[in-house]
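Colleague: Here our numbering is used: the first residue of the sequence shown is 60, the next is one more, and so on.
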Amino acid sequence: MRAADSQIARQNARALVEDWIRYCGRWHQYGWEAPVVTRRILSWLAHSPFILQDGEHDFYRAFIKSLARQVHYLRQTINETEDGVERLHAALAIASACISMAGQGRFARQSIRRLDQELARQILPDGGHISRNPRALIDILADLLPVRQAFVAQGLEVPAAMVQSVDRMMPMMKFFRHGDGALGHFNGMGSTPSDLVATILAYDDARGAPPSNAPHSGYQRLSGGASVVLMDTGPAPEISLSGDAHAGCLSFEFSSGVNRIIVNCGVSPKSNPVWRKVSRSTAAHSTASIDDTSSCRFLSEKPFGHLLGAPILSGPRQVELAREDDAAGSRLIASHDGYVADFNTMHERDLRLSADGTVLDGIDTFQATGSVDPDTLYTIRFHLHPALKASLIRAGSALLLVCRDGEAWEFEAPGIEIALEESIYLSDVFGHRKSEQIVLSGPLESAPSVGWQFRRTATAKLSRRGTNDFDETEELPLEEPASEVAEPAEGTGVETGETPDDASSNQTMDEEGRQDPI
């Protein structure tokens, strides 16, 4: 309606708001939930010039009165909101109302102080969010930047915590970006809203390069040539903030230019609890698992799940990290203790990306900290982006990966049998998409160290080596959307052909609350 910007559109908008005030203005089961109230306050304030223009005085009084009632309600219930992004959004809505509405000025100092406290607590020194979810940066900046503009428009001094938070979050959002503009799929991040990200980045004054090290957030970034590696090297967040966190410690994503090679399965746009379990398990990430169990233990959906969600009860707490950068490239060595309690085993991953970005070497090591059952198996998964075409070559001793633009990569794991299995990509804008995964597995005792390598063997036929060199006028082959929603496949948690609801009987939790493998 605002885009139409006509008199009829404004009248229709006022009619909708007036109906809501009449029927839901005092209470509604869903309309007065804290996240809904927060979003409505921010939306009404942002669109108030459009709604109120040419409106009658009685409507204006009802609009302001209802808005004041909602702000008062949110101010009284902010401490009851879910910790994390939801609470920060509530503080933003209250502060925005205090500087925009007459009669709210007496609460301004208190509201700004609360906003400063939440920003200082939730935004880490490296710019990440305490939930470790990259999506949180997008959601917070999308509301924080307009509120900052409101301070400027009112001639008020922008709080120092707000300025510092924006300055820290902007580079961190770039940190998670691949060459195609998509953010890495870690700890709750699904498909990337590219238009919103582009709008946010337009407010970036520094326009500097992304950092390579985010120690407080628990992530690392390797860059070489046009290649980028993003790796999760952090422990699970505290229980009150882990409702969307994943069991993906030491998982990584790998891209070359605009081609994403190795990905995590990501988050499903469906709210089905089966897909939620699938996306959070270790097997949905490009990392190693032991005996097909997750490195984290989640709170069972029953009997508490409907009230608390499924936070992480236990998982990796000790994550050791060492990084080396030299003329030959960048190297990461990280380990975690997520499997020590159950399997007496530490998982260590050693990654090295060459300076020109054409070779990615990796070594997965399983260090025994006690006696290990001889029947214990390891499984290392590399989930492939659905745009890739994969085929076994050289009698199954290597794998060829071909991108849409003709770029090709070979994967080798000397001495280890390479399997190519079905997988599923949950974060596509078209819905679930069938994909494939590289799987290396075997007895833990027979191969305590597994080496592997990705090596580029052919460059792109078109000049698409990076977003800076991409010619937007060049016509490129488009990725076809899936004709139907893919079901969980063998190797990805649910057998092919099952519906999510049917599969829920097969997706069970063991006695300790660990998720079954994908």
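All residues carry an ideal CB built from backbone N, CA and C; glycine is no exception.
#1: For alanine 49, count neighbouring Cβ atoms within 10 angstroms of its own Cβ and tell me buried if that reaches 16, exposed if not.
#2: So which of Asp434, Leu447, Gly490 and Phe470 has the shortest CA-CA distance to glycine 501?
#3: Out of curiosity, what's the CA-to-CA distance linking aspartate 185 and glutamate 115?
#4: For the 8 Å Cβ check, are there 3 or more pairs between the stretch 296–307 and the stretch 378–385?
#5: Given a threshold of 16 other Cβ atoms within 10 Å of its Cβ, counted over all protein chains shown, does isoleucine 321 qualify as buried or as exposed?
#6: Following the continuous alpha helix (DSSP H) through proline 502, name the residue where it begins and the one where it ends.
#7: So valine 317 and glycine 243 are in contact, right, with Cβ under 8 Å, and what is the actual spacing, rounded?
#8: Pairing CB atoms from the stretch 227–235 with CB atoms from the stretch 191–210, are three or more of them under 8 Å?
#9: Can you give me the C-alpha to C-alpha distance between glutamine 279 and aspartate 254, rounded to a whole angstrom?
#10: What residue from Leu410, Leu443, Gly187 and Phe402 has the CA that sits closest to threonine 428's CA?
#11: Curious, which full-length beta strand (DSSP E) runs of at least 3 residues does the stretch 144–228 contain?
#12: My parser needs the alpha helix (DSSP H) runs of 4 or more residues fully inside the stretch 344–408; what are they?
#13: Using 7 Å as the threshold, is the C-beta distance between glutamate 145 and proline 94 below it?
#14: Tell me whether the stretch 480–491 and the stretch 450–462 touch, counting them as touching only if at least three CB pairs, one residue from each stretch, are closer than 8 Å.
#15: What are the boundary residues of the alpha helix (DSSP H) that includes asparagine 71?
#16: Can you confirm whether the stretch 393–400 touches the stretch 349–358 when touching is taken to mean that 3 or more C-beta pairs between the two stretches lie within less than 8 Å?
#17: Give the straight-line distance between the Cα atoms of valine 96 and alanine 478, rounded to the nearest whole angstrom.
#18: Report the residue ranges of all beta strand (DSSP E) runs contained in full by the stretch 273–299; include only those spanning at least 3 residues, in chain order.
#19: Assign aspartate 303 to buried or exposed, taking buried as 16 or more other Cβ atoms, counted over all protein chains shown, within 10 Å of its Cβ.
#20: When DSSP labels each residue in this structure, what does serine 301 get in the three-state scheme?
#21: Of all the options Glu139, Arg492 and Ala219, which has the alpha carbon lying nearest to the alpha carbon of isoleucine 171?
#22: Our contact map puts leucine 460 next to leucine 436 with C-beta atoms below 8 Å; I'd like the distance itself, whole angstroms only.
#23: In whole angstroms, what separates the C-alpha of glutamine 70 from that of glycine 293?
#24: Taking the straight line between their C-alpha atoms, what separation do you get for lysine 520 and leucine 419?
#25: Roughly how many angstroms separate the alpha carbons of lysine 493 and glutamate 480, rounded to a whole number?
#26: If distances are taken between C-alpha atoms only, which option among Ser276, Ala347 and Ser282 comes closest to alanine 268?
#27: I think leucine 133 touches alanine 152, with their Cβ atoms under 8 Å apart; what is that distance to the nearest whole Å?
#28: Could you check what DSSP says for glutamine 426 in three-state terms: helix, strand or coil?
#29: Let me check understanding here. Comparing Cα to Cα, which of His344, Arg173, Gly187 and Ile422 lies closest to leucine 410?
#30: Can phenylalanine 245 and aspartate 291 be called in contact, C-beta distance under 7 Å?
#31: Pull the bridge partners of serine 456 from the DSSP assignment, please.
#32: Under three-state DSSP, which class holds threonine 97?
#33: Quick one: give me the first and last residue of the alpha helix (DSSP H) that leucine 443 is part of.
#34: Sort Leu215, Ala265, Val130 and Glu504 by Cα distance to methionine 5 and report the nearest one.
#35: Can you tell which of Gly465, Val498 and Asp415 has the C-alpha that lies nearest to the C-alpha of leucine 451?
#36: Counting along the chain, where does the alpha helix (DSSP H) carrying phenylalanine 118 start and finish?
Modeller: So, to answer that:
#1: Beyond the ends of the chain as shown, which are 60 and 577, falls residue 49; an answer cannot be given.
#2: Asp434
#3: Each residue's Cα considered, the two are about 49 Å apart.
#4: no
#5: buried
#6: Counting along the chain, proline 502 falls outside any alpha helix (DSSP H), though it belongs to the beta strand (DSSP E) covering 492–502.
#7: Not really, about 15 Å apart at Cβ, beyond 8 Å.
#8: Cβ pair count under 8 Å is three or more, so yes.
#9: Here the alpha carbons of aspartate 254 and glutamine 279 stand approximately 25 Å from one another.
#10: Phe402
#11: The stretch 144–228 contains no whole beta strand (DSSP E) run of 3 or more residues.
#12: Runs found: 364–367 and 399–402.
#13: yes
#14: no
#15: 66–83
#16: By the criterion of at least three beta-carbon pairs nearer than 8 Å, the stretch 349–358 is in contact with the stretch 393–400.
#17: 50 Å
#18: 278–283 and 286–291
#19: buried
#20: coil
#21: Ala219
#22: That belief does not hold up - the Cβ atoms of leucine 460 and leucine 436 are roughly 25 Å apart, past 8 Å.
#23: 52 Å
#24: 21 Å
#25: 11 Å
#26: Of the candidates Ser276, Ala347 and Ser282, the one whose C-alpha sits nearest the C-alpha of alanine 268 is Ser282.
#27: 6 Å
#28: strand
#29: Ile422
#30: yes
#31: None, per the DSSP bridge assignment.
#32: helix
#33: It is not in any alpha helix (DSSP H) - leucine 443 instead sits in the beta strand (DSSP E) that spans 436–443.
#34: No statement about residue 5 is possible, as the shown extent of the chain runs from 60 to 577 and does not include it.
#35: Val498
#36: Counted as a single uninterrupted DSSP element, the alpha helix (DSSP H) harbouring phenylalanine 118 occupies residues 116–136.
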